[in-house]
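Please read the structure below before turning to the comments.
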Amino acid sequence: MNDHCVRLSLAINREITLIGTAHVSRESIEEVSRIIRDERPDLVCVELDQGRYRSMTGKENWERLDVSKILKEGKGFLLIANLVLTGFQQRMGNELGVKPGEEMKTAVLTAEELGIPCYFCDREVQITLRRAWARCGLWNKCKLLSSLIAGAFSTEKLSEGEIENLKKASELDGMMAELSQYLPPVKSTLIDERDRYLAAKIWQSAVPGNGVIRAAAVVGAGHLQGIRAQLEKIAAGECPADTAELDTIPRKSFLARSAGWIIPLLIVALIAAGFFRSGLDISSTMLLRWVLLNGSLAALGTVIALGHPLSALVSFVGAPIATINPFIGVGFFSGIVEAALRKPRVEDAQNIAADVSSLKGLYRNRISRALLVFFLSTLGGAVGNFISIPSLAGLLAK
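The structure is reproduced here in structure tokens:
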């Protein structure tokens with residue numbers, strides 16, 4: 424055993440070996456295979472969910488992707504975040520010649536080769552992203568998206584030695600402390616909650632038989648100490664091995680649910696105030712200014728995304744409608760039109776994981792470009808609304 428591999432002898436005849444890995448590391452791949460072969464545990468647990476494993480071993484998930492359906496279901500931002508993370512890992516893997524998560528795949532294949540049962544113990548990535556998103560306020564949402572995008576397209580290169588350093592406790596402690604200060608809600612969901620979730624699933628998987636059951640759990644090094652602490656609490660009876668609460672999406676507060684109505688109500692109130700104070704002329708001027716600001720910036724976002732001209736026109740027309748009805752964002756209109764006019768091809772689905780790792784690929788791929796149209800037109804419309812409020816107030820004050 425080494426400093427990133429921990430063996431725990433727990434109550435009720437459970438012995439669990441935690442193997443901490445770096446997700447794009449040749450050394451981790453070799454180490455995982457060697458430990459499983461040497462230890463021959465009764466079962467192997469991996470930090471994956473079944474959906475992520477399927478996407479790592481085949482392309483069927485991307486090929487079945489329906490962009491229009493994703494947008495209609497209101498999952499556009501979640502898919503964008505998922506693709507950005509995929510692109511970031513893909514870029515790191517390309518730099519080091521190792522596919523992201525290859526050590527997890529190696530653990531599964533080694534277990535299958537040796538006839539050892541293997542369990543997927545991570546929470547579905549969509550649930551994790553939705554819980555993280557739900558916990559963030561508007562400011563933290565902006566910080567999260569900006570950090571994801573900056574990370575995805577950063578030109579900074581990491582050496583393999585630097586990747587291996589991420590296993591060290593001192594390096595990881597510093598990273599976790601930095602994340603806690605920058606985005607506390609995200610750190611809580613991505614790290615702390617998943618420590619609890621993974622520990623509970625590993626515990627549930629390691630059901631004792633007639634003798635001591637020996638399990639090996641392959642997890643990211645960043646989760647190693649957290650999972651260890653949670654397993655020890657479960658063994659001591661200090662917390663239950665239950666994941667039900669962690670698999671649900673937190674219900675929005677009343678303030679969060681009503682926030683989408685604040686801006687449209689404020690805009691309508693300003694225009695109505697203009698009518699009652701100065702008549703139809705000033706209210707018409709205010710309405711025209713709002714439509715131009717809101718629609719033009721939404722259309723500009725579509726143009727920046729290199730969307731189809733008709734998608735830009737739909738963004739311009741749809742932005743004011745979407746503002747008045749916050750249940751439908753302007754990106755809903757523009758993204759669906761873009762996907763319909765430039766239908767994604769099979770090759771777009773096959774290459775999307777690689778394409779999203781570069782700005783050129785992001786624009787070339789029709790799936791990611793439709794999502795880019797969705798995102799930038801939504802952002803443009805939102806900026807237009809924020810700008811229009813003081814502008815309308817200024818007209819009213821004259």
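For the sequence shown, the positions run 424 to 821 when the numbering used here is used.
Cβ coordinates follow ideal geometry from the N, Cα and C atoms, glycine included.
Are the CB atoms of D545 and L654 within a distance shorter than 8 Å?
Going by C-beta atoms, L654 is not nearer than 8 Å to D545.
Give me the Cβ distance between V726 and I442, rounded to the nearest whole Å; I'm assuming they're in contact under 8 Å.
At roughly 49 Å, the Cβ-Cβ gap does not stay under 8 Å, so V726 and I442 are not in contact.
Which term fits T671, buried or exposed, when burial requires 16 or more other beta carbons within 10 angstroms of its beta carbon?
T671 is exposed by the Cβ-count criterion.
Classify K766: buried if its beta carbon has 16 or more other beta carbons within 10 angstroms, exposed otherwise.
Around the CB of K766, fewer than 16 other CB atoms lie within 10 Å, so the residue is classed as exposed.
To the nearest angstrom, report how far apart E594 and E616 are at their CA atoms.
Confidence at E594 is low in this model, with a pLDDT of 45, below 50, so the placement of that residue is unreliable and no value is reported for it.
Should A762 and V490 be called a contact, given that it needs their Cβ atoms to be closer than 8 Å?
In this structure, V490 lies closer than 8 Å to A762 by Cβ.
For D704, count neighbouring Cβ atoms within 10 angstroms of its own Cβ and tell me buried if that reaches 16, exposed if not.
Counting of Cβ neighbours within 10 angstroms places D704 among the exposed residues, the total staying below 16.
Beta carbon of A837, beta carbon of G784: below 8 Å?
What the structure shows of the chain is the stretch from 424 to 821, and residue 837 is not part of that stretch, so it cannot be assessed.
L715: which of L693, A696 and P743 sits nearest, CA to CA?
It is P743 whose Cα lies nearest to the Cα of L715.
Measuring alpha carbon to alpha carbon, tell me which residue in E453, G499, V531 and D461 is nearest R475.
Taking each of E453, G499, V531 and D461 in turn and checking the Cα distance to R475, the smallest one comes out for V531.
How is T440 classed by DSSP in three states: helix, strand or coil?
For T440, the three-state secondary structure derived from DSSP is strand.
Three-state class that DSSP yields for G803 in the structure shown:
G803 falls in the helix class under three-state DSSP.
Strand pairing of G643, partner residues [DSSP]
In DSSP, G643 forms a bridge with T444.
Given this structure, state the Cα-to-Cα distance separating E483 from M709, to the nearest angstrom.
Caution applies to E483, whose pLDDT of 48 falls short of 50 and renders its modelled position unreliable; the model cannot decide the point.
Rounded to whole angstroms, what is the Cα-Cα separation between G718 and I657?
Inter-residue distance for G718 and I657 is about 55 Å (C-alpha atoms, whole angstroms).
I452 and E526: beta carbons closer than 8 Å?
A contact, by the Cβ cut-off of 8 Å.
Measuring CB to CB, does K610 end up less than 8 Å from T666?
Using a Cβ distance threshold of 8 Å, K610 and T666 do not count as a contacting pair.
Classification of S738 by the beta-carbon crowding that lies within 10 angstroms, buried from 16 upward:
Around the beta-carbon of S738, 16 or more other beta-carbon atoms lie within 10 Å, marking it buried.
One or two residues paired with A638 in a DSSP bridge:
According to DSSP, A638 bridges with I439 and L466.
Per DSSP, C541 is paired with what?
Residue pairing by DSSP puts C541 in a beta bridge opposite V467.
Is the beta carbon of A557 less than 8 Å from the beta carbon of P673?
In this structure, A557 sits near P673, with a CB-CB distance shorter than 8 Å.
Kindly indicate which three-state DSSP category V760 falls into: helix, strand or coil?
Collapsing the DSSP output to three states places V760 in a helix.
Reducing DSSP to helix, strand and coil, say where E429 ends up.
As written in the sequence, residue 429 is Val, which differs from the Glu given in the question. Strand at V429.
Where D461 falls, given that 16 or more other Cβ within 10 Å makes a residue buried:
Classification for D461: exposed.
Which word fits F699, buried or exposed, when buried means at least 16 other C-beta atoms lie within 10 angstroms of its C-beta?
Flag for F699 reads exposed.
What are the boundary residues of the alpha helix (DSSP H) that S706 is part of?
Under the DSSP assignment, S706 falls in the alpha helix (DSSP H) whose first and last residues are L703 to I727.
For G817, which residues of its own chain have a beta-carbon under 7 Å away from its beta-carbon, when the five flanking residues on both sides are left out?
The beta carbon of G817 sits closer than 7 Å to none of the beta carbons in its chain outside the five residues before and after it.
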